[in-house]
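Working notes, beginning with the structure itself.
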Amino acid sequence: MVCKLCQQKYDLRESHIISEAFYEGVYDKRHRAVPISMENSELKFIQKGIREKLLCGDCEKKLSKWESILKRDLVDIGNQKSEFLTLNHIDEKLFKVEGIRYKEFKLAILSILWRMSVTSDQFFESYRLGAYEEKLRQKLLDENVTDEKKYPIMVSRYELDGVFYPGTIMGFPPGKYDQIFTVQSFIIWGHRFMIFVNDKSFPKVSIEVFLRNSGELFVDVCSLVELASPKSVLSKIYDEKVESMYARMQ
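Just so we're aligned, residue -2 is where the sequence shown starts under my numbering, counting upward by one.
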């Protein structure tokens, strides 16, 4: 079979669309979880995440390396303490992270988004990227994400009454910013990643709201109550999200 990433013929692994590492805290006592999507009403138990024969062994290792770095950073950001990162609070709803390994962090996020697009599993049907699927494949293969203005990423953290809950994985339908930019988003380890799927133009907003190649990232703190009903989430306008975050950074 042909590996979806390197496009060479190899024996393929049962690849996780979202790494098993991010399901910690999601499984019940019988190691089961129920993935939730805003567009998918069918509920069923899974025991090892959603998997599919997608990648060869070498490509699987490459993506796993990036995901390990992402997981380490998300755990530290979640715990609000780290030996590797510097975290400074701007206010109770916004903090700044410094020291992120930009390349691996961004490759990990884009690799998850890409796998959501290439999988045949219907749970991820709203993540079809069209022409950007091949563009992302090439970027992942070349490990080339040096341009921070291409596929920029925003990150939010979810809490309830001041308590962080890492055991949250959720999918969303695509949104729009400024009626131009398609925004794909998902929650893993209690953090929502919003990817502006575009490699030609950049939104008219300060680049500071996005992950920087310097390793800096502003994270805004949101309430889990926002996710309590699809209406409250889907009615949220991305334009307001971006502009509100930028205003608090001033």
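Heads up, the beta-carbon is just placed ideally off N, CA and C, and yes, glycines get one too.
Among the options, which residue has its Cα nearest to the Cα of residue i?
i	options	result
V206	C56, E145, D73, S198	E145
L91	K58, Q77, V222	Q77
P170	L208, S114, P200	S114
C0	D73, E140, G54	G54
L107	F120, E223, D139	D139
E17	L224, I166, N210	I166
P163	F19, E11, S12, L9	F19
W263	F102, K136, S198, R69	The requested residue 263 is not part of the displayed model; the chain covers only -2 to 247.
Y174	S198, S123, E223, S79	S198
F178	G168, P200, F161, G159	P200
L224	S79, I184, Q176	I184
K103	V142, G172, F161, D8	V142
K58	L9, E21, F120, F121	L9
Since I believe residue j is in contact with residue i (beta carbons under 8 Å), could you give me their beta-carbon distance rounded to a whole number of angstroms?
i	j	result
Q181	V202	In fact, because the Cβ distance is near 17 Å, the residues do not count as touching under 8 Å.
R154	C219	7 Å
I14	I47	5 Å
L208	Y99	7 Å
V216	I97	No, V216 and I97 are not in contact; Cβ-Cβ is about 11 Å, not under 8 Å.
G168	S123	7 Å
Can you list, in chain order, the residues of its chain with a C-beta nearer than 8 Å to that of residue i? Leave out the 5 residues immediately preceding and following it.
i	result
A105	L60, W63, E64, I66, L67
S38	At S38, the pLDDT of 46 sits below 50, so the modelled position is not reliable; the number obtained from the coordinates is stated separately. Same-chain partners within the cutoff: there are none.
T116	I14, I47, E49, L51
E89	V218
E11	R48, E49, K50
E101	K62, W63, I66, L67
D118	I14, I47, E49
Near residue i, what residues of its chain come up, given a Cβ to Cβ distance below 7 Å and the 5 sequence neighbours on each side ignored?
i	result
E95	L82, T83, G212, E213
L71	W186, H188
D196	K132, K147, Y148
C56	C0, L2, C3
R134	L2, W111
Identify the residues that DSSP records as bridge partners of residue i: which are they?
i	result
M151	M191
L318	Here the chain has residues from -2 to 247 only, and residue 318 is not among them.
C53	Answer is none; C53 lacks a bridge partner.
D217	L91, S153
Y174	F178
V(-1)	K6
L48	The sequence given here has Arg at residue 48, not Leu. H13.
Whose C-beta lies closer than 6 Å to the C-beta of residue i among residues of the same chain, with five residues either side of it excluded?
i	result
M191	M151, V180, S182
L157	L221
K6	V(-1)
N85	K93
F121	M113
S79	D73
N210	Y99, E145
Taking 7 Å as the cut-off, is the C-beta of residue i nearer than that to any heavy atom in the ligand FAD?
i	result
G172	Ligands in the displayed structure: none, and consequently the ligand FAD is not present.
- Task: Could you tell me which uninterrupted alpha helix (DSSP H) segments, each at least 4 residues in length, are contained entirely in the segment 71 to 130, listed from first to last along the chain?
- Result: Listed in chain order, they are 99 to 115.
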